[in-house]
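Beneath this line is the structure, given in structure tokens, with notes to follow.
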Amino acid sequence: MNTTKNSSPASDEIDLLALFKVLKSSYLKIGFFTLFFILLAAAYSFLATPIYQANATLQYDKASQVSLVDQMSEMMPLSNSNGQVDSEIEVIKSRMVLGKTVTNLNLDTQIAPAGFFDKLWGDKIDAVVALYLVPEDFIGKPATLTYLGDNKYSLNIEGQVLEGTVGILLKQDDISLLVSSLVAEVGQEFTLVKNARYSTIENLRNTLTIAEVGKGTGIINMAIKGADKTENVQILNSIIQNYVDQNTERKKEVTNNTLLFLDEYLPKIKTKLDNYENQLNTFRKKNESIDLSLEAKSALDSALQVEEKLNELTFKEVEIQQLYTRNHPAYQSLLDKRQQLLREKEKISKAIQKLPNTQQQIVRLTRDVESEQAIYNQLVAKQQELSVLNSGITADVRIIDSAESQPNAVAPKKALILVLAAILGFIVGCAYVIAREFFNNKIKGTEDIDALGINVYATIPFSSYEKKLIAEGNKHPLALENPADTAVEAIRSLRTSVYFSVMNQGNNLVMVTCASPGVGKSFVTSNMAVVLANAGKKVLLIDTDLRKGRIHKAFGLSNKLGLSDYLSQSDTSQPNIHNSVIENLDVICRGKNVTHSSELLMSERFKRLLDTVKGQYDIVVIDTAPILAITDSAIIGKYVGTSLLIAYYGVNTVKDVELSLKRFKQNDIEITGVILNGIDAKSDDYNYVYEY
């Protein structure tokens with residue numbers, strides 16, 4: 228018996244070349260996945276609704292605002308222009324602006340053809356709903372609108388059926404519907420839905436893109452995406468108009484509030500002014516003419532300047548408190564400025580107190596009169612100015628480009644989708660092939676057999692010519708029909724190994740078995756017998772697979788009076804031997820099918836038969852049943868000198884071979900070598916044979 232060799236442990240490193248070969252051999256699967264994804268992408272690109280984009284450009288120019296707050300920039304750290312533009316962008320996105328657009332354009336009402344194909348091909352089907360109001364319980368629930376002909380329609384909402392006329396308001400209970408236009412065939416159905424206002428605003432906000440073009444430019448670019456070009460333009464123009472209107476109204480509100488304050492405050496100032504003037508005149512008459520010293524004049528001038536500034540701050544506070552809370556930095560800056568002026572006023576008051584009493588009194592009275600006179604004049608001038616400006620007030624924003632839709636759809640990007648789909652399909656296909664190969668526990672090459680410590684006697688490539696012969700019903704071995712086939716060449720290599728094994732063992736009985744059916748055992752044994760006979764050796768081929776043996780079919784021989792008949796009948800002197808099937812080759816067929824093959828093969832008659840033919844032939848090739856199916860091979864293995872086990876590439880697992888070796892070892896039978904049959908193009912073993 229031959230001794231087996233120990234193989235080195237398999238490497239854990241990834242063999243990139245082997246991986247590439249696996250991918251190359253599976254190009255059809257990868258191509259299928261790639262094509263499948265491309266077709267899916269093409270179908271999506273064809274069926275998907277085209278999305279168009281409309282754009283508009285605004286300019287936010289705060290310099291045009293008529294507000295006293297802007298005149299305070301030199302004394303207050305107001306927010307920078309970038310932050311102001313960002314805040315205006317948030318105003319545009321607010322529910323105050325978008326909600327008005329939703330209401331004006333009735334965007335929370337959706338109507339569409341009910342049928343799938345009507346949506347795709349219904350270019351001549353159209354319905355426009357100008358008003359649709361339902362109770363809160365019906366929000367988000369679809370209703371069915373059916374065209375009845377003659378401008379009549381029916382509305383089925385939650386089982387309640389109403390009938391109306393196009394162009395006439397339909398009102399019943401809390402349901403109101405005005406269909407302004409309806410173009411459809413009689414019986415055409417539409418799905419009508421009233422969506423929640425909040426969700427509609429959120430959806431609209433998600434379709435909007437608003438950004439400043441360059442920091443500090445004040446240029447705002449607006450874009451909206453949707454399936455309807457006209458609707459996109461309408462929505463964007465409505466948003467812009469609503470934003471401009473609220474900006475104008477806000478400025479008017481500030482100006483009106485200031486005018487109201489002036490209307491209320493001016494009479495009070497006029498009364499105080501008259502009172503101060505009367506007091507001054509009375510004092511002058513009583514004390515006749517009094518000349519002020521230089522020191523008194525200086526104190527008076529300083530006091531008047533401080534009072535003027537305090538009065539300006541009071542007026543500015545009226546306006547700024549309409550914009551900010553007291554915690555805002557701008558408001559805090561104003562309060563700090565006021566405290567500073569009050570401290571300065573207190574210093575001046577202390578300086579005045581050092582003057583003579585008459586001087587003090589005349590300075591105070593004169594200060595009060597002139598201060599109130601300045602306030603009064605300033606307020607009257609501002610009232611007249613605001614009255615004029617209020618009639619022609621404009622927004623801080625200027626429309627540079629009104630909304631206009633791009634002519635071509637921005638989505639779906641068909642070319643990009645197809646390219647990405649092809650890449651994704653290729654990746655998925657490769658991943659599938661690699662995963663399938665990774666989880667495949669089938670025999671992939673001789674290294675899998677070597678890892679079990681058993682010799683590989685031959686690797687026989689898959690023969691497409693043999694497959695053709697089987698399809699045509701040919702009853703001759705491949706070695707006779709096509710001697711130059713690569714599979715036959717591999718079997719000739721096997722012949723050499725078998726010949727030397729027989730010489731070493733001193734036993735010319737050669738057993739060929741397998742782990743499981745369907746691995747080409749009869750193909751290998753019949754062709755091996757032919758090439759041995761062609762080499763000038765006198766060969767006997769015995770089919771001992773008494774249940775499913777098919778050697779007789781391989782050679783087109785009669786199966787009567789075969790081995791099973793000889794072993795089961797004691798009066799038969801010898802089995803029916805088909806002599807000279809080809810030159811130097813005799814064959815014993817299996818005979819009739821039996822179920823007790825093990826008992827027959829264990830009989831003394833079978834042992835005597837082997838002893839007899841062993842001396843009559845150079846080599847006796849014995850075709851046996853699969854070892855994992857029945858124990859016949861273990862029985863025959865006791866008599867032979869060379870035992871060969873056939874494993875099929877990509878069909879048998881390493882576990883099959885390992886279990887078969889274990890079965891033979893339990894019966895003290897050592898397998899001489901393994902024949903790896905059916906090698907295909909993915910294996911390196913195939914390349915070696917093919918290239919040679």
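So this note's numbering is basically just the index in the sequence shown, starting at one, shifted up by 227. Note that beta-carbon positions come from the ideal geometry of N, C-alpha and C, so glycine has one too.
DSSP state of residue i mapped onto helix, strand, coil
i	result
A281	strand
H779	helix
N806	strand
K398	strand
L305	Caution is warranted here: a pLDDT of 40 is assigned to L305, below 50, making its placement in the model unreliable, and the coordinate value is therefore given only provisionally. If DSSP states are grouped into helix, strand and coil, L305 belongs with coil.
R625	strand
T839	helix
S749	helix
M854	In the sequence as presented, Met is not what sits at residue 854; that position holds Ile. Looking at I854 - three-state DSSP - the assignment turns out to be coil, as it is neither helix nor strand.
I815	strand
G656	helix
P340	strand
D772	coil
I257	helix
L243	helix
L791	In the sequence on display, residue 791 carries Ser and not Leu. In the structure shown, S791 sits in a helix (DSSP, three-state: H, G or I).
S785	coil
S830	coil
I393	One point to set straight first is that residue 393 is Val, not Ile, in the sequence displayed. Coil.
S824	helix
S529	helix
E631	strand
Q298	In this prediction, Q298 scores a pLDDT of 44, lower than 50, which makes its location untrustworthy; the coordinate-derived value is nonetheless stated afterwards. Note: Q298 maps to helix in three-state DSSP.
Q864	Residue identity differs from the one stated: residue 864 is Gly in this sequence, not Gln. DSSP places G864 in coil when its eight states are reduced to three.
Sequence-distant residues of its chain with Cβ nearer than 6 Å to residue i (five each side left out)
i	result
N188	The requested residue 188 does not occur in the structure, where the chain is confined to residues 228 to 919.
I602	I496, N538
N493	Reading off the sequence shown, one finds Leu at residue 493, where the question assumed Asn. The residues are L606.
K865	none
V355	S407, S408
G776	D770, R817
E597	L531
Cut-off 8 Å between Cβ atoms - residues of its own chain near residue i, not counting five sequence neighbours on either side
i	result
V533	L568, E571, K572, I575
L540	L561, K564, R565, L568
D792	T799, P802, N803, G818, K819
Q610	L486, L489, D490, L493
P639	Y271, S272, A275, P277, I278
D313	E439
N333	V356, A357, L358, Y359
Assumed close pair residue i, residue j - CB separation to whole angstroms, cut-off 8 Å
i	j	result
L404	G391	6 Å
D850	K748	7 Å
L562	K543	Contact doesn't hold; Cβ gap of about 11 Å is too wide.
K421	D335	6 Å
E416	T373	5 Å
T434	G453	6 Å
I446	T593	I446 to T593, Cβ: 54 Å. No contact.
L790	L773	7 Å
V715	N754	6 Å
V923	N811	Since the displayed the chain opens at 228 and closes at 919, residue 923 lies outside it and no answer follows.
According to DSSP, residues forming a beta bridge with residue i
i	result
S870	M738
T371	N383, T418
I846	V766
Y920	For residue 920 there is no data in the structure shown, the boundaries of the chain being 228 and 919.
T880	K669
S800	The partner list for S800 (beta bridge, DSSP) is empty, contrary to what the question assumes.
L360	S403
I906	P688
D353	V410
A638	I278
V388	N383
Same chain only: Cβ atoms within 7 Å of residue i, ignoring 5 sequence neighbours per side
i	result
V683	T673, I676, D677, G900, V901, L903
L325	I428, L431, R432, I466
L828	T771, D859, I862, I863
L267	A648
I265	L645, A648, A649, G652
F365	I384, E385, K421
Test: residue i CB closer than 9 Å to a CB of chain D
i	result
E810	In the structure shown, chain D cannot be found, because there is only a single protein chain.
What are the complete beta strand (DSSP E) segments, minimum 3 residues, inside the segment 401-486?
402-410, 416-421, 435-439, 446-453
At 4 residues or longer, what runs of the alpha helix (DSSP H) sit wholly inside the segment 665-745?
673-677, 691-699, 705-708, 713-732
Uninterrupted alpha helix (DSSP H) stretches inside the segment 535-614 (no shorter than 4 residues):
556-580
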